[in-house]
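Enquirer: Have a look at this one.
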DNA sequence: GGGATTTGCCTACAACCTTTAGGCAAACGT
DNA sequence: ACGTTTGCCTAAAGGTTGTAGGCAAATCCC
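As structure tokens, this is what we get:
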């Protein structure tokens, strides 16, 4: 009985590739076993269960994304850095939709704390230091930036901008322009008179 | 054999409630049948299959969200309208996470064109008319606004802002402030010298 | 090299979800 | 009242997840 040379790492990589090809929720253990030319039960020696596999894919994707972000940011600052980071995100999501979807799955606190997510958060914060925004505004800006990137990329990936003009690339470029402008002219926080009330 | 009074509409509503309670991908036909006190096969007289059910949940959620958005916008303009629309979104997502997740599922072109999604898009555009931004910038602004709302809400829902200060409500309020400021001071498009190049 | 142990993949099986086919009885039209 | 439609049923097949136990290849140790 020839051995297939399975390891958790290889399964994670194959699983991630599978997710990119057929979608994260179609990346089942069954499909992964088929792809590896192996019986399903054999996988359970290497990953605890399907949830475990998905978590590993999430962690892999976070690593890869953090790596690309770091490369993109290297030696850049200000607007260049912003565009590079944003493009790294978008390009990664488009090249690896399954992996990108995995990055959005909630991790338990413990796992998240050791993931590349924190590395990534640090990078975003470093980027913002080029814009002269101090705490606590910096945190708000980090969250806004993350929201725009994730929001735009995932709407685009879902086909939200497909069937209307102008094409998505133009909006993307313009969005980054506007965002850069906003960060360079970050408005002062004015004490508002009304409560932070929630409708409904 | 007492009849349970199933209809596509009722199944859609129960399915949506189920999705809010246990998550969209745990909202299976089996679970729905159990909840309705009925055998699984009985559901197939009312919905074509599980994909059909999910699509119906998506359409229901889009309707509801568009309705709430319309209510929120009624009689408001400018900053008030922005905050009301944004809060309607966020509140809906928090109160109905399963339904909100459903709104993010891609629909085929035909279905999407007849959904409440277009009504919603029109409202966003109407909101922006209060800000004096002309086409084609208006479209970019619509997409930016949609990205921020969706991005923030889904990051928050995924627990992304849970374990760090300041709390999410503050960032939300501030984000809307900043967004309002941005829309009121929308920067001119400057012809950029460099290509809209994509980093690998 | 040869025997014991560990490791890797296997078969078998049970549980759950999806979907189709066919049946019976309640509701409905006339 | 009778036939038809409708609503829910049982039965069964196929796919995915997960567990238990087995056999053989690889490894370890002399």
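Residue numbers (this note's numbering), protein chains in the order written: chain Y, 323 to 522; chain F, 323 to 522. Positions of the beta carbon are idealized from the N, C-alpha and C atoms, including for glycine. These numbers were taken from a predicted model, which means no experiment stands behind them.
Can you check the segment 360–389 of chain F for any alpha helix (DSSP H) of at least 4 residues that lies completely inside it and give the ranges in chain order?
Expert: 362–365, all fully within the segment 360–389 of chain F.
Enquirer: Three-state secondary structure (DSSP) at residue 458/F?
Expert: Within the second chain, numbered from 1, the residue matching residue 458/F stands at position 136. Three-state result, residue 458/F: coil.
Enquirer: Run the CB neighbour count on residue 457/F, radius 10 Å, all protein chains shown included, and call it buried at 16 or more, exposed below.
Expert: Here residue 457/F refers to the residue found at position 135 of the second chain. Exposed, because fewer than 16 other Cβ atoms sit within 10 Å of the Cβ of residue 457/F.
Enquirer: Under a CB-based cut-off of 9 Å, is residue 374/F close to chain Y?
Expert: Stepping through the second chain from its first residue, residue 374/F is reached at position 52. Not closer than 9 Å to any Cβ of chain Y, the Cβ of residue 374/F fails to qualify, so no.
Enquirer: What do you get for residue 478/F, buried or exposed, if any count of 16 or more other CB atoms within 10 angstroms of its CB means buried?
Expert: Your numbering for residue 478/F matches position 156 in the second chain. That one is buried.
Enquirer: Indicate whether the contact test is met: 3 or more Cβ pairs, each with one atom in the segment 490–499 of chain F and one in the segment 457–469 of chain Y, closer than 8 Å.
Expert: yes
Enquirer: Within 10 Å of its beta-carbon, does residue 362/F have 16 or more other beta-carbons around it, so buried, or fewer, so exposed?
Expert: As a working note, residue 362/F is residue 40 in the second chain. Exposed: under 16 other Cβ atoms inside 10 Å.
Enquirer: Is there a Cβ from chain F that is less than 9 Å from the Cβ of residue 522/Y?
Expert: Mapped onto the first chain, residue 522/Y falls at position 200. Caution is warranted here: a pLDDT of 44 is assigned to residue 522/Y, below 50, making its placement in the model unreliable, and the coordinate value is therefore given only provisionally. Residue 522/Y counts as touching chain F.
Enquirer: Is it right to say residue 439/Y is buried, meaning 16 or more other beta carbons lie within 10 angstroms of its own, or is it exposed?
Expert: Taking the first residue of the first chain as position 1, residue 439/Y is located at position 117. Residue environment analysis places residue 439/Y among the buried positions, since at least 16 neighbouring C-beta atoms fall within 10 angstroms of its C-beta.
Enquirer: Taking just the CA atoms, how far does residue 480/F sit from residue 462/F?
Expert: Within the second chain, residue 462/F is the residue found at index 140, counting from 1. Within the second chain, residue 480/F is the residue found at index 158, counting from 1. Those two C-alpha atoms are separated by around 26 Å.
Enquirer: So, with DSSP's three-state summary, where would you put residue 529/F?
Expert: With chain F represented from 323 up to 522, any question about residue 529/F goes unanswered, as that position is not in the structure.
Enquirer: Starting from the Cα of residue 472/F, find the closest Cα among 510/F, 459/F and 424/F and give me that residue.
Expert: As a working note, residue 472/F is residue 150 in the second chain. Residue 424/F is the option with its Cα nearest to residue 472/F.
Enquirer: Determine, for residue 364/Y, whether the minimum Cβ-Cβ distance to residues of chain F falls below 9 Å.
Expert: Residue 364/Y sits at position 42 when you count from the first residue of the first chain. Closer than 9 Å: no.
Enquirer: Are the beta-carbon atoms belonging to residue 502/F and residue 395/F less than 9 Å from one another?
Expert: Here residue 502/F corresponds to residue number 180 of the second chain, with the count starting at 1. Here residue 395/F corresponds to residue number 73 of the second chain, with the count starting at 1. No; because the gap between Cβ atoms is not below 9 Å, this pair is not in contact.
Enquirer: In the structure shown, what three-state DSSP assignment does residue 425/Y receive?
Expert: Translated into positions along the first chain, residue 425/Y becomes position 103. Here residue 425/Y sits in helix by DSSP.
Enquirer: Closer than 7 Å by beta-carbon distance: list the chain F residues that pair up with residue 489/Y, in chain order.
Expert: In the first chain, the residue the question calls residue 489/Y occupies position 167. In chain order: nothing, as chain F lies at least about 10 Å away.
Enquirer: Can you check which of these residues, 354/F, 377/F, 328/F and 506/F, is closest to residue 421/F by C-alpha distance?
Expert: Here residue 421/F corresponds to residue number 99 of the second chain, with the count starting at 1. Comparing Cα positions, the closest option is 377/F.
Enquirer: Select from the segment 335–357 of chain Y all residues with a C-beta closer than 8 Å to any C-beta belonging to chain F, and list them in chain order.
Expert: 347
Enquirer: Work out the CA separation of residue 430/F and residue 333/Y for me, nearest whole Å.
Expert: Here residue 333/Y refers to the residue found at position 11 of the first chain. Here residue 430/F refers to the residue found at position 108 of the second chain. Spanning the two alpha carbons is a distance of roughly 32 Å.
Enquirer: Round the Cβ separation of residue 337/F and residue 379/F to the nearest angstrom and send it over; I've been treating them as touching at under 8 Å.
Expert: For the purposes of this step, residue 337/F is taken as residue 15 along the second chain, with counting starting at 1. For the purposes of this step, residue 379/F is taken as residue 57 along the second chain, with counting starting at 1. Correct: roughly 5 Å between the Cβ atoms.
Enquirer: State buried or exposed for residue 487/Y, treating a residue as buried only when at least 16 other CB atoms are found within 10 Å of its CB.
Expert: Position 165 of the first chain, counting from 1, holds the residue named residue 487/Y. Looking at its Cβ environment, which holds fewer than 16 other Cβ atoms inside 10 Å, residue 487/Y is exposed.
Enquirer: Only counting the same chain, and skipping five residues up and downstream in sequence, which positions put a Cβ closer than 8 Å to that of residue 330/Y?
Expert: Residue numbering aside, residue 330/Y sits at position 8 when the first chain is read from its first letter. Excluding positions up to five away in sequence, the list reads 368, 369 and 378.
Enquirer: May I ask which residues mark the beginning and end of the alpha helix (DSSP H) holding residue 330/Y?
Expert: As a position in the first chain, residue 330/Y is number 8, starting the count at 1. Element bounds for residue 330/Y: 330–344.
Enquirer: Pull up the CB-CB distance for residue 358/Y and residue 410/Y, whole angstroms please, since I reckon it's below 8 Å.
Expert: Here residue 358/Y refers to the residue found at position 36 of the first chain. Here residue 410/Y refers to the residue found at position 88 of the first chain. Residue 358/Y to residue 410/Y, Cβ: 30 Å. No contact.
Enquirer: From what residue to what residue does the alpha helix (DSSP H) around residue 491/F run?
Expert: Locating residue 491/F in the second chain gives position 169, counting from the first residue. Element bounds for residue 491/F: 490–506.
Enquirer: For residue 426/Y, go through chain F and note every residue whose CB falls closer than 8 Å to its CB, in chain order.
Expert: In the first chain, the residue the question calls residue 426/Y occupies position 104. Chain F residues near residue 426/Y: 476 and 480.
Enquirer: Among the residues of its own chain, which have a CB less than 7 Å from the CB of residue 516/Y, if the five just before and after it don't count?
Expert: On the first chain, position 194 is the one that residue 516/Y refers to. Reliability fails at residue 516/Y, whose pLDDT of 49 lies under 50, so the model's placement of it is uncertain and no value is given.
Enquirer: If you run the structure through DSSP and keep just helix, strand and coil, what is residue 358/Y?
Expert: By 1-based counting over the first chain, the position of residue 358/Y is 36. If DSSP states are grouped into helix, strand and coil, residue 358/Y belongs with the helices.
Enquirer: Compare the Cα-Cα distances from residue 434/F to each of 366/Y, 328/Y, 364/Y and 484/Y and report the closest residue.
Expert: The sequence position of residue 434/F within the second chain is 112, counting from 1. Taking only the C-alpha atoms, the option nearest residue 434/F is 484/Y.
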